[in-house]
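When we follow my numbering, the leftmost residue of the sequence shown carries the number 1028, and every step to the right adds one.
Beta carbons are placed, not taken as given, at the ideal position from N, Cα and C, and that holds for glycine.
Note that the coordinates shown come from a computational prediction; the quantities given were computed from them, not determined experimentally.
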Amino acid sequence: MQKVDLIIHSATQLCIVPGADGPQRGLGLGDLGIVENGAVAVADRVIVATGETADIRSDYSARTMIDAYGRCVIPGFVDPHTHIPWYGDRAGEFESRLAGATYMEIMAEGGGIMSTVRDTRRARLDELVEDNLPRLERMLRYGTTSAEAKTGYGLNTATELKLLDSIMALNARQAIELSPTFLPAHAVPQEYEGRTEAYVDLVIQDMLPAAAEWVAEYGVPIFCDVFCEEGVFDLDQTRRILQTAASLGFRLKVHADEFVGLGGTRLAVQLGAVSADHLVETPQEDIEALGQGSTVAVGLPGTPFGLAHEKYTPAKAILRAGGALALATDCNPGTSWCESMQMVIALACRYMGLTQAQALVAATLNAAHAIGRGREIGSLENGKQADILILDTVDYRQLGYRYGTNLVNKVIKRGQIIE
Ligand code: NIG
Ligand code: FE
1028 MQKVDLIIHS ATQLCIVPGA DGPQRGLGLG DLGIVENGAV AVADRVIVAT
1078 GETADIRSDY SARTMIDAYG RCVIPGFVDP HTHIPWYGDR AGEFESRLAG
1128 ATYMEIMAEG GGIMSTVRDT RRARLDELVE DNLPRLERML RYGTTSAEAK
1178 TGYGLNTATE LKLLDSIMAL NARQAIELSP TFLPAHAVPQ EYEGRTEAYV
1228 DLVIQDMLPA AAEWVAEYGV PIFCDVFCEE GVFDLDQTRR ILQTAASLGF
1278 RLKVHADEFV GLGGTRLAVQ LGAVSADHLV ETPQEDIEAL GQGSTVAVGL
1328 PGTPFGLAHE KYTPAKAILR AGGALALATD CNPGTSWCES MQMVIALACR
1378 YMGLTQAQAL VAATLNAAHA IGRGREIGSL ENGKQADILI LDTVDYRQLG
1428 YRYGTNLVNK VIKRGQIIE
């Protein structure tokens, strides 16, 4: 009998979500690896065994036992695209959008991202941390155990580095592990209005090298992302920024095809980006490219929903092409202030045509691969970090079906029960 720290047993459904070597691709998406009356054993923050309750209980004993009878046990959600941290809110702009103004119109008039940039530049590091902490605590209670966190509301070197510092401070203050992404090319700041090329030069010559020094000091892996969009950064500017970033050791992500398809997804695949995100207006050629490459397509259904747009990520076409699909919130104060991966699953089932099983894999295993952490998190396989959710439902299919209430009964992060 082997002693471990924690056993969760008698789960009506234990969803292992197999796939340590890669995301579940194409029409193979949706393999949950369900064990009925399942159990999971955890030692030293890591999953050491899963199986039927009788087998696990005959092989292992633990100080802490959790009876999950009548409940469903799944991997913690991974949210691979958020714009946390930011400062302030834009409730007034939402009101203007309800009255008919479009997102890009508000941005062109100096609102939108620029409005949050003004607030974020003014905020001190400690204010930024205090403002974002409750947001992450709510996400954790809704089952997100790891997330990506982007800069992008600084748009000058000092504030972009302050945002990176705040991500590290937030990492130390709460349980969700944050993977940092540097996004200085999120918008052209007002002081560079009409001089996008000069701003791109600043990003390449000043901001990326400064961030690379920051990375060397902290020793954390980091991504670089670009908002490749009509009226923001074009395909050539995106390519130059990402190539420089890659040469400095950044892994890559791209905001592609949110409003206009410019070829950002194809570029992401060509550059071996870890993910290409948004993908609403994605041309068929780019969808085919996803099937050939390793880049994970990240659908963000909270964004068209938040903008009251009709069009969503063409998930079925991406899967038919053999692509790997993940889901994320895009949590940000402009287009999608959504902190719940459960809500994202509900939207993906309705507007992207996913089954609950496909959405669940896209929100866990494939989402982990979308931040390059698929070998450590995202499933309940042996050797992975013990990031586990116990749901207040007997059947995983209640996810997506029900929305607006929290179905999470318990969150376990690295083997610790979060109270
Ligand atoms: O992913 N598209 C660019 N960035 C965000 C919106 C950011 C904002 O409006 O503050 C997005 O939708
Ligand atoms: Fe985004």
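| Check | Outcome |
| --- | --- |
| For A1283 and H1022, the rounded distance between their alpha carbons | Because residue 1022 is not part of the residues shown, which for the chain are 1028 to 1446, the question remains open. |
| Cutoff 7 Å; reference V1323; Cβ partners in own chain excluding five residues on either side | P1050, V1301, S1302, A1351, A1353, N1393, H1396, A1397 |
| Stretch-stretch touch, CB-based, cutoff 8 Å, three pairs: the region 1141 to 1154 with the region 1263 to 1283 | no |
| Proximity of L1298 and L1279 at Cβ, strictly below 8 Å | yes |
| Inter-residue spacing [alpha-carbon to alpha-carbon] between N1159 and D1106 | 16 Å |
| Distance cut-off 7 Å: H1396 Cβ against heavy atoms of ligand 1 | no |
| Inter-stretch contact at 8 Å, needing at least 3 Cβ pairs: the region 1128 to 1138 / the region 1418 to 1435 | no |
| Opposing strand residues paired with Y1087 [DSSP bridges] | Q1029 |
| Under 8 Å between C-beta atoms of T1186 and F1250 | no |
| Whole runs of the beta strand (DSSP E) within the region 1258 to 1284, excluding any shorter than 3 residues | 1278 to 1283 |
| Reference A1126, options G1399, M1092, M1368, A1335, closest by Cα | A1335 |
| A1344 - containing alpha helix (DSSP H), residue span | 1342 to 1347 |
| Delimiting residues of the alpha helix (DSSP H) encompassing V1230 | Looking at the DSSP string, V1230 is not in any alpha helix (DSSP H), and its letter there is neither H nor E. |
| Continuous beta strand (DSSP E) assignments of at least 3 residues falling wholly in the region 1155 to 1208 | 1171 to 1177 |
| Buried/exposed call for Y1180, threshold 16 Cβ in 10 Å | buried |
| Helix, strand or coil at R1222 [DSSP, three-state] | coil |
| Residue range of the unbroken alpha helix (DSSP H) whose run includes V1144 | 1140 to 1149 |
| Meets three-Cβ-pair contact criterion under 8 Å: the region 1409 to 1418 and the region 1092 to 1102 | yes |
| Residues near A1384 in its chain [Cβ-Cβ closer than 6 Å; skip 5 each side] | G1057, L1059 |
| Proximity winner among L1381, Y1378, V1371, T1382, relative to Y1169 (alpha-carbon distances) | V1371 |
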